[in-house]
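Here is the structure we will look at.
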Amino acid sequence: MSTDEISAPKMLAEKHGFVGHMIFNNPERYNAVSLDMWDAAVDILEDFVADDDIRVIVMSGAGGKAFVSGADISKFEKERGSQEAVAHYNARIKVVYDKIAALPKPTIAMVNGFCLGGGLALAVSCDLRFCSSKSKFGLPAAKLGLGYPYGGLNRLVDTVGLGQAKDIVFSARRMDADEALRIGLVQQIVDEADLEKTVMDYAATVAGNAPLTVAAMKFIIGETRKDSEDRDMDKCQEMVDVCFASEDYIEGRRAFMEKRPAQFKGR
Numbered sequence: 001m002s003t004d005e006i007s008a009p010k011m012l013a014e015k016h017g018f019v020g021h022m023i024f025n026n027p028e029r030y031n032a033v034s035l036d037m038w039d040a041a042v043d044i045l046e047d048f049v050a051d052d053d054i055r056v057i058v059m060s061g062a063g064g065k066a067f068v069s070g071a072d073i074s075k076f077e078k079e080r081g082s083q084e085a086v087a088h089y090n091a092r093i094k095v096v097y098d099k100i101a102a103l104p105k106p107t108i109a110m111v112n113g114f115c116l117g118g119g120l121a122l123a124v125s126c127d128l129r130f131c132s133s134k135s136k137f138g139l140p141a142a143k144l145g146l147g148y149p150y151g152g153l154n155r156l157v158d159t160v161g162l163g164q165a166k167d168i169v170f171s172a173r174r175m176d177a178d179e180a181l182r183i184g185l186v187q188q189i190v191d192e193a194d195l196e197k198t199v200m201d202y203a204a205t206v207a208g209n210a211p212l213t214v215a216a217m218k219f220i221i222g223e224t225r226k227d228s229e230d231r232d233m234d235k236c237q238e239m240v241d242v243c244f245a246s247e248d249y250i251e252g253r254r255a256f257m258e259k260r261p262a263q264f265k266g267r
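Everything in the sequence shown is counted per the numbering used here, starting at 1 for the first residue and increasing by one.
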């Protein structure tokens, strides 16, 4: 395992075999995120996408108290003190959320503690969410008088459904892990002591599957969420065809017949 600090000390990147791990490292502020941290996150994600050895991306927060607790309110006057500043801020963080949602590799949010505001938007931009039993979720925009952009709300609706999304944003209340699991916000609750191992083991399992197949299924599932006229059906079929024409398809068949684990190469 190698560990490297990339772009900014508040953002860290690690590589564990085929798994890339991005860490929000601002524990004294419950991993509240500044614009500089969002910019560093983009750099890390671009590096992960460019690295063919990374097949799955995990995101977490440092310190054991929070995943991400939202925007750094101490920087609001500087970063969101005027309409122009708000527009600039929203445009920059939209890039991050959109990039995460569009990543060709599976993404997992590992939530341990508070997951609020921008942290919740980040989590629902990921494909899957695992949390510890002490985790708390919420979107407190209505308590702060903030406007909330389309992208984050759309992904929240996709994740939990219309009624649950309205309840979350209208009430601005905090949910515990059990409720998050019940409404489909998270896939699994894990004891805090076992959370990282559980997530990393799961990520390694996904990373051990055929990368071309996983990427194709992620893309196709994403297309099902679009209006029919906006779906790229040609690309869907092209990605399926690439799987059947790949060396990994040959390896998968051979491994099955030989009763051994397949060694997929992503080609």
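Even for Gly, the Cβ is constructed at its ideal location relative to N, Cα and C. Values in this document were obtained by computation on a predicted structure and should not be read as measured data.
What's the call for residue i, buried or exposed, on a 16-neighbour Cβ count within 10 Å?
| i | result |
| --- | --- |
| P211 | buried |
| F256 | exposed |
| G119 | buried |
| M233 | exposed |
| K226 | exposed |
| S132 | buried |
| T107 | buried |
| I23 | buried |
| R182 | exposed |
Less than 7 Å between C-beta atoms, sequence neighbours within five positions excluded: which residues of the same chain meet that for residue i?
| i | result |
| --- | --- |
| L185 | R129, F137, T159 and V160 |
| G70 | A32, L116, G117, G118 and G119 |
| K265 | E247 and D248 |
Can you give the beta carbon distance from residue i to residue j, rounded, assuming they're within the 8 Å contact cut?
| i | j | result |
| --- | --- | --- |
| T213 | C243 | 5 Å |
| G151 | K105 | That pair is no contact at about 20 Å. |
| A177 | S135 | 5 Å |
| E247 | R267 | 5 Å |
| A66 | I44 | About 19 Å; that fails the 8 Å criterion. |
| V86 | V42 | So it is not a contact: roughly 20 Å between Cβ atoms. |
From the DSSP output, which residues share a beta bridge with residue i?
| i | result |
| --- | --- |
| A71 | V33 |
| M11 | F24 |
| K271 | It is not possible to answer for residue 271, since the shown part of the chain is limited to 1 through 267. |
In chain order, what residues of the same chain lie with their CB nearer than 8 Å to the CB of residue i, ignoring the 5 residues before and after it?
| i | result |
| --- | --- |
| Y148 | L139, A141 and V169 |
| M239 | L212, A215, A216, F219 and I220 |
| R92 | L35, W38 and D39 |
Enumerate in chain order the residues of its own chain whose CB-to-CB distance from residue i is below 6 Å, with the five nearest sequence positions on each side excluded.
| i | result |
| --- | --- |
| M1 | Caution applies to M1, whose pLDDT of 45 falls short of 50 and renders its modelled position unreliable; the value that the coordinates give is listed next. If we look at M1 and ignore the five residues flanking it on each side, its Cβ neighbours are H16. |
| E20 | Before going on, a small fix: residue 20 reads as Gly here, not Glu. Taken in chain order, the residues that qualify are F48, I54 and I57. |
Practice problem: Evaluate contact between the stretch 108 to 125 and the stretch 50 to 69, counting only Cβ atoms and requiring at least three cross-stretch pairs below 8 Å. | Solution: yes
Exercise. Could you tell me whether the stretch 162 to 169 touches the stretch 200 to 209, where touching means 3 or more Cβ pairs closer than 8 Å?
Key: no
Practice problem: May I ask you to verify whether the stretch 39 to 50 touches the stretch 189 to 201, counting CB pairs closer than 8 Å and requiring at least 3? | Solution: no
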